[in-house]
Amino acid sequence: MNGKILRQLLLLVCMVVSTSAFSQSQFTFTGTLTENGNGLPVSGASVFIADTSFGTITDFDGNYSFTATLQPGAYTLTFSSLGFSTQEVSIDVGGSSTITTDAVLNEDLLSLDEVVITGTGAGANKRTLGNAISTVKSEDLVNNGAIAVDQAISGKITGALVQQNSGDPAGGISIRLRGPSTVLGNSDPLYIVDGIIVSNSSNSNALVDLGGNSQNRLVDLNPNDIERIEVIKGAAAAAIYGSRASNGVVQIFTKRGRTGDPKFNFSTNVRVNELRKEIDYNTVPLAWVDPFDRNNLETVPVERFNYQDSFFETGFGIENNLSVSGGNDRTSYYISGSFLDNEGIIKNTDFQRVGFKTNVTQKAWDWLEINAGLNFTRSVSNDIPNGGINAAYGAITGFVFSENSINPNPDESGVYPVTSLLVPRTNPLEAVDRFDFGQKVNRVITSVGLNADITKNLKASYLLGLDFYNQSATAFIPINNTSPNGDGFARRADINNFQYNSDLNLTYTIPINEDIQSTTTLGGSWQYEEFDRVGIEADGLAPVVEVATNGSILAQGETRSQISYWGTFLQQSFSYRDKLYVNGAVRLDGASTFGEDERNQLYAKASVSYVISEEDFWRDTFGDAFNTLKLRGSWGQAGNLTALSAFQRFTVLNPSSINGSPSLIPSQQQGDLNIAPERQEEIEFGFDAGLLNNRLGIEFTYYKQDVSDLLLPRELAPSAGFNSRIENVGDLENKGIELLLRGAPIKSDDFSWDVTATFSKNENTVTNVAGGGQFALAGSFATNYVIEGEPLGVFFRQFYARDPDGSISLDDNGYPFAGTNEDGTGSKVIGDPNPDWFGSLINEFSYKNFKLRVQLDAVQGFDIFNWNRRLLDNVIFGGGYNVGQELLGNRPKGFGGAQAGIFEEFVEDGSFVKLRELALSYNFKPPFDHIDNVQLSLVGRNLISWDDYSGWDPEINTPGQSNGVRGFDFAGVPIPRTYQLGINVSF
């Protein structure tokens, strides 16, 4: 009896399953996507059936085709692409096996329909956000001569000051969103790749001192693998991402596969890097018999050499990329491999990067999606040290100290002459010929994530992301050299850096009534990072020995660090008729670096967004002029968790030896077990407007950021037994505006012209320093200062004595001298490295199959301290242009030496306008069935700089990513002019 019932049940189940299976059929969806106004095809657009996993992307001609297994019925076909308004088309499936649907997309200069990721694990329509967010598309990241992601976004984002600190083949980049927000910490934004928090550390100089040539680790990412970048600014966003994002967030999304046949893409580029300009030097064929005696004007004839020819050269590079993507209704994939070899403009320098990238998405069930990603990078660089902040053995360092009447070439025995006669500095030609410095990095970034539709209203997402790299650096200076390390030098240092983040978010969405929809998000995150660093260095090397262990050990050490971060948040959002959006959130953040009673802090945010142009009264009154108008405002709080290292709250004890016995000696800085995070509060408001039938888009933002409990070193009384203690004793303020203009002046069948302009202005002020004090920032030669009432990092040094009419005072012998303040002190603020404003102008022209892109970047109203000229102009060294003027009698002998102690002389205007990008491309379809498109491109980068700076380049900064030490040019490598020729094939 039981067996009969079981057989009947099995038969019933089979009938139900078979009925369900046979009720589904396979359908083919085809069509063409074009742009409204000119009929041009829209390539790379997403086409998918809503609430299913079926879809594809359009090809170069705007065509799409995909198959889907569906039950007959009504569906919605969705078309979306960055820069266009999303369009939804209702379709009926069942009457025919082939459904053809063409669509026309309208340009959306404001991108209000763009879906962005805001830290909750789910996408949000840009129109719902009350804070500013910027997006950079994949096509804007390639074919521009840049080799790194952060380098490529320069000039493309309002409020983001992107500066290349060095022209080295992998020179570091600094990004500041709305100015510096801390003094002792890091003002770089938080970098997130596919949900993985990644390190952008600059460890090069911590391993081996390369001067200003320090790399930062975003150079490990291949721009060709990037789908888009989203940049979120302001504390309102940080309240969701956590206090590690108090400086803003740069979200990087890599490419993923789409349903359809495999699509291949291959590109290859060759590039040429060259010095943009030489600086003036001493060409006078005379030298002083006694350069130290101002009264002895006797000279001797000499030959002058252009030392810049000895260490600068033209570098060449090549880059290859190959990718394949595709998938079916359950699985999609993206796989790529890349190779880059980029030579620098300093002889014998280069950077190589080999990378492998894969993303896989698997639909496990209709309600559960699994995605995984892996990125492996191996990079190798050959370096020449430059920049003399700590070490004095660099090539350009040697140049600024050298007397260029000495032939730098080696003699017949291969011995290089000493070119710096007063102090021991390296012959610059010997540095590039004999020094052997290098770095190797192996890096893995990987993640696994789950996206679950638990119910119709409840969704969950989980992500585990890992970032690990090993960086190894070596340095070797052979014996019998002209550097301060005449008996040789060797160093080896390694760092292992590991970090992970584990994030879980739950989102519940439900309509309260026909007009109001509620979205509630609850999330939590645990983050951990650690690094281990070891190093050893030695001198006194034996001939042919290159390793430190076989020399006289100078130093050896080991450093370890472990930091944990944790946080949880609750966010509530309401939308009213898809035009009014209100959002509020609270977040609890903690970090192990702070005192146990202070490490957990509560932060809040609130925002509102109102698309007022959706109202009938607006359409009837202003609709013809203002097609779109969105008003937005936000307020938020955040902390800053970067100002302290792992154990800095403790009083550090340094191991030592006294009379052969081990001992511990306290450091000069006292710890503080009750130290708390810095606290930040920011308010912003603005609008997004579309005019002239949305042919002109305007985005405007005003913000004001107040940082309290600023961590600063406080001077202690000698009786305390310590010199200083880091305490929450300062305040800082940033305020400014951001303006973005997008226009499409011409749109026709054959020709189009698009314009983008950005303008950003930030005013930074240190509003409070304990006791109204001031102090010099480390690594600035006591030149960049923190001073109450002044911007961060102003130049505070000696200045000219001046006559009542403002002209420079001269002594009885005709030489300038330093002035004094009314209180008798001899220093004052003489310059500010923070710009008054910065912006860009981008013009893009398209004529049939040709495209031309021209980008100008401007940074205005900032000062540079030219340390190079301070040395070159001094007669005791002899290589500068003004020393030649003294030899010719055009100014008194030793005039540059008198100026050397008056630092005001070397503060120069760094304002510049650069032709950042000039790119011409041609697209065509060759007469081969399997090739979709071929693109030929010719690119120039940093072609011209309009500036009045006497040095090589006003953009570089020798201290690298330093937060407060900016505008500091000392023996740094200038940014090269780059030409690039490339071909891209899609098949």
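Under my numbering, think of the first position of the sequence shown as 335, with each following residue one higher. By construction, the Cβ of each residue, glycine as well, lies at the ideal position given by its N, Cα and C atoms. In this text, all values refer to a predicted model and were calculated from it rather than measured experimentally.
Can you grab the Cα-Cα spacing for the pair Tyr862 / Leu439, in whole Å?
-> 45 Å
Residue(s) in a DSSP beta bridge with Gly689 | Ser672 and Thr711
Determine contact between the stretch 793 to 812 and the stretch 765 to 776, defined as no fewer than three beta-carbon pairs at a distance below 8 Å.
-> yes
Please report the residue range of the beta strand (DSSP E) in which Tyr937 lies.
-> Asn934 to Val945
Since I believe Ala977 is in contact with Thr518 (beta carbons under 8 Å), could you give me their beta-carbon distance rounded to a whole number of angstroms?
-> A small fix is needed here, since residue 518 is Leu in this sequence, not Thr. About 5 Å separates the two Cβ atoms, so the contact holds.
Between which two residues does the beta strand (DSSP E) carrying Ala1232 extend?
-> Where Ala1232 is concerned, there is no enclosing beta strand (DSSP E), although the alpha helix (DSSP H) it sits in stretches over Phe1229 to Ala1234.
May I ask you to verify whether the stretch 519 to 527 touches the stretch 601 to 621, counting CB pairs closer than 8 Å and requiring at least 3?
-> no
Can you tell me which of Arg1250, Ser670, Ser500 and Ala384 puts its alpha carbon nearest to the alpha carbon of Val1273?
-> Arg1250
Measure the C-alpha to C-alpha separation of Ile467 and Lys567 and round it to an integer number of angstroms.
-> 7 Å
Extent of the continuous beta strand (DSSP E) to which Gln642 belongs = First-last for Gln642: Gln642 to Phe645, but that is the alpha helix (DSSP H), not the beta strand (DSSP E).
Take Trp322 and list the residues in its own chain whose beta-carbon comes closer than 8 Å to its own, dropping the five residues that flank it on each side.
-> Shown here, the chain extends from 335 to 1321; a query on residue 322 therefore has no answer.
Can you tell me which of Phe733, Val749 and Asn629 puts its alpha carbon nearest to the alpha carbon of Pro758?
-> Phe733
By how many angstroms is the C-alpha of Ala882 removed from the C-alpha of Ser991?
-> The alpha-carbon atoms of Ser991 and Ala882 are separated by roughly 23 Å.
Around the Cβ of Phe626, are there at least 16 other Cβ atoms within 10 angstroms (buried) or fewer (exposed)?
-> exposed
Could you work out which residue in Glu1238, Glu1289 and Gly1235 is closest to Val1247 when comparing CA atoms only?
-> Glu1289
Measuring CB to CB, does Ser1114 end up less than 7 Å from Gly464?
-> no
Do you know whose CA, among Thr386, Arg461, Ala408 and Thr390, lies nearest Gly1020's CA?
-> Arg461
With DSSP as the reference, label Asp484 as helix, strand or coil.
-> helix
Span of the beta strand (DSSP E), counted from its first residue to its last, around Asp770 = Its beta strand (DSSP E) spans residues Asp770 to Asp787.
Does DSSP put Trp952 in a helix, a strand or coil?
-> helix
Distance, Cα to Cα, Phe823 vs Val483?
-> 35 Å
Identified DSSP bridge partners for Pro845 = Per DSSP, Gln851.
Between the CA atoms of Trp622 and Val1307 - distance to the nearest angstrom | Rounded to whole angstroms, the separation of the alpha carbons of Trp622 and Val1307 is 30 Å.
Excluding five sequence neighbours on each side, which residues of the same chain lie with their C-beta closer than 6 Å to the C-beta of Ser535?
-> Taking C-beta separations shorter than 6 Å and ignoring five residues to either side along the sequence, the partners of Ser535 in its chain run Arg551, following chain order.
Residues bridged to Asp717 by DSSP?
-> Phe771
CA-CA distance, Phe650 and Pro503?
-> 10 Å
In or out: Phe388 buried (at least 16 other Cβ within 10 Å) or exposed?
-> That one is buried.
Can you tell me which of the three DSSP states Asp1088 falls into?
-> Looking at Asp1088 - three-state DSSP - the assignment turns out to be strand.
Using a threshold of 7 Å, state whether the C-beta atoms of Trp900 and Gly924 are closer than that.
-> yes
Quick one: what does DSSP say Pro635 is sitting in, helix, strand or coil?
-> strand
How far does the alpha helix (DSSP H) with Ile1309 in it reach, from first residue to last?
-> Neither: Ile1309 is in no alpha helix (DSSP H) and is coded neither H nor E.
Relative to the C-alpha of Tyr615, which residue among Asn1202, Pro1261 and Arg1275 is closest?
-> Minimum Cα distance to Tyr615 is reached at Asn1202.
Count the other CB atoms, across all protein chains shown, that sit within 10 Å of the CB of Gly429; report buried if there are 16 or more and exposed otherwise.
-> Exposed.
In angstroms with no decimal places, state the Cα-to-Cα distance between Glu1178 and Ala1253.
-> 9 Å
Mind listing, in chain order, the continuous beta strand (DSSP E) runs of no fewer than 3 residues lying wholly within the stretch 989 to 1046?
-> 995 to 1000 and 1012 to 1025
So, is Glu1018 buried or exposed, given that buried needs 16 or more other C-beta atoms within 10 angstroms?
-> buried
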